[in-house]
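Novice:
In my numbering, the protein residues as written are 27 to 251.
Structure, rendered in structure tokens:
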């Protein structure tokens, strides 16, 4: 029985990785062959600083209010602005969006959740908040094909303090921001995005794990003997 479950888990991982690579290749081909890069860049250039600001605000709103699959808007940043600038825009916009989610949920609670997240997610609210912590949140941010924005809404409504969200959000957002290199470099950028995710997952597990160790140690010290 355990062997069957293990084989299913391996098969699921292989399928997810395969879908991820396929999606990245398709996105890279679409952006490089079927979308006029120069026209998009000309529109942004003619708009001056407002073009960058408007795109930035659109990305912030998209992350905050539409917790859906947002890979293509992250790739588009690199396609329009280049890999490095796109990375910065993605990092700042996504970080602000996720912190806004945490702030809004802490302030407005479950009524906001009912309006934003899916019914299946909301129905599992109590189970998720009991099982998911900063380490799990980091992993969800870094791995592809995960409902990271939705999970942020749910976890933010739980008992975890805002300070414990900082490391997972910052490190996870850096991993997501690297999608800009796919938009800029096409299929060559896929390896950069993959290395970024793997590196930040390893670094993040160490840093967030260290953070949670000290949090638990501090909480344990507060318990009266």
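We treat Cβ as the ideally placed atom computed from N, Cα and C, and that holds for glycine.
Given that a residue counts as buried once 16 or more other Cβ atoms are within 10 Å of its Cβ, and exposed if not, what is residue 166?
Specialist: What you label residue 166 is simply residue 140 of the chain shown in a count that begins at 1. Residue 166 comes out buried.
Novice: Tell me the residue span of the alpha helix (DSSP H) that contains residue 88.
Specialist: For this step, residue 88 is matched to residue 62 along the chain shown. First-last of the alpha helix (DSSP H) with residue 88: 75-91.
Novice: So, with DSSP's three-state summary, where would you put residue 119?
Specialist: Your numbering for residue 119 matches position 93 in the chain shown. Correct three-state label for residue 119: helix.
Novice: Indicate whether residue 159 and residue 238 have their beta-carbon atoms separated by less than 8 Å.
Specialist: Residue 159 sits at position 133 when you count from the first residue of the chain shown. Residue 238 sits at position 212 when you count from the first residue of the chain shown. Yes. Within cutoff.
Novice: Could you please give the first and the last residue of the uninterrupted alpha helix (DSSP H) stretch that includes residue 186?
Specialist: As a first step, residue 186 is located in the chain shown; it is residue number 160 there, counting from the start. Unbroken run through residue 186: none, as it is neither H nor E.
Novice: I need the DSSP call for residue 213, collapsed to helix, strand or coil.
Specialist: Along the chain shown, read from residue 1 onward, the residue named residue 213 stands at position 187. Three-state DSSP puts residue 213 in coil, outside helix and strand.
Novice: According to DSSP, is residue 220 part of a helix, a strand, or is it coil?
Specialist: Here residue 220 refers to the residue found at position 194 when the chain shown is read from its first residue. Helix, per DSSP.
Novice: Would you say residue 116 and residue 91 are within 8 Å of each other, going by their C-beta atoms?
Specialist: Numbered from 1 along the chain shown, position 90 holds the residue referred to as residue 116. Numbered from 1 along the chain shown, position 65 holds the residue referred to as residue 91. Contact: no.
Novice: Among residues of its own chain, excluding the 5 on either side of residue 172, which ones have a beta-carbon nearer than 6 Å to its beta-carbon?
Specialist: Taking the first residue of the chain shown as 1, we reach residue 172 at position 146. Once the five neighbours on either side are set aside, the close Cβ partners of residue 172 are 166.
Novice: Report yes if the CB atom of residue 230 is closer than 8 Å to the CB atom of residue 126, and no otherwise.
Specialist: The residue given as residue 230 occupies position 204 in the chain shown. The residue given as residue 126 occupies position 100 in the chain shown. No, the Cβ-Cβ distance between residue 230 and residue 126 is not below 8 Å.
Novice: Output the distance between the C-alpha atoms of residue 195 and residue 222, rounded to the nearest integer angstrom.
Specialist: The residue you call residue 195 lines up with position 169 of the chain shown. The residue you call residue 222 lines up with position 196 of the chain shown. Cα-Cα distance, rounded: 15 Å.
Novice: Have a look at 207, 211, 89 and 201 and flag the residue whose alpha-carbon is nearest the alpha-carbon of residue 224.
Specialist: Position 198 of the chain shown holds residue 224. For residue 224, the nearest C-alpha among the options comes from 201.
Novice: Might you give, ordered along the chain, the residues of its own chain that have their beta carbon closer than 6 Å to the beta carbon of residue 114, omitting 5 neighbours on each side?
Specialist: The count along the chain shown starts at 1 and reaches residue 114 at position 88. Excluding positions up to five away in sequence, the list is empty.
Novice: Could you check whether residue 188 and residue 133 sit closer than 8 Å to each other, using their CB atoms as the reference points?
Specialist: For this step, residue 133 is matched to residue 107 along the chain shown. For this step, residue 188 is matched to residue 162 along the chain shown. Taking 8 Å as the Cβ cut-off, residue 133 and residue 188 do not qualify as a contacting pair.
Novice: Label residue 83 either buried or exposed according to how many other C-beta atoms from any shown protein chain fall within 10 Å of its C-beta, with 16 as the threshold for buried.
Specialist: In the chain shown, the residue the question calls residue 83 occupies position 57. Classification of residue 83: exposed, given that the 10 Å Cβ count is below 16.
Novice: I need the straight-line Cα distance from residue 209 to residue 110, nearest angstrom please.
Specialist: Mapped onto the chain shown, residue 209 falls at position 183. Mapped onto the chain shown, residue 110 falls at position 84. Cα-Cα distance, rounded: 11 Å.
Novice: Among 220, 191, 87 and 175, which residue has its Cα nearest to the Cα of residue 241?
Specialist: One-based indexing of the chain shown puts residue 241 at position 215. Closest by alpha carbon: 191.
Novice: Do you know how far the Cα of residue 219 is from the Cα of residue 204?
Specialist: Position 178 of the chain shown, counting from 1, holds the residue named residue 204. Position 193 of the chain shown, counting from 1, holds the residue named residue 219. Distance between the alpha carbons of residue 204 and residue 219 is about 5 Å.
Novice: Looking only at C-alpha atoms, which of 96, 77, 79 and 108 sits nearest to residue 215?
Specialist: Translated into positions along the chain shown, residue 215 becomes position 189. Here the closest residue by C-alpha is 108.
Novice: Could you tell me the boundaries of the alpha helix (DSSP H) in which residue 170 lies?
Specialist: Indexing the chain shown from 1 puts residue 170 at position 144. Looking at the DSSP string, residue 170 is not in any alpha helix (DSSP H), and its letter there is neither H nor E.
Novice: Measuring CB to CB, does residue 206 end up less than 8 Å from residue 103?
Specialist: Within the chain shown, the letter at position 180 stands for residue 206. Within the chain shown, the letter at position 77 stands for residue 103. Yes.
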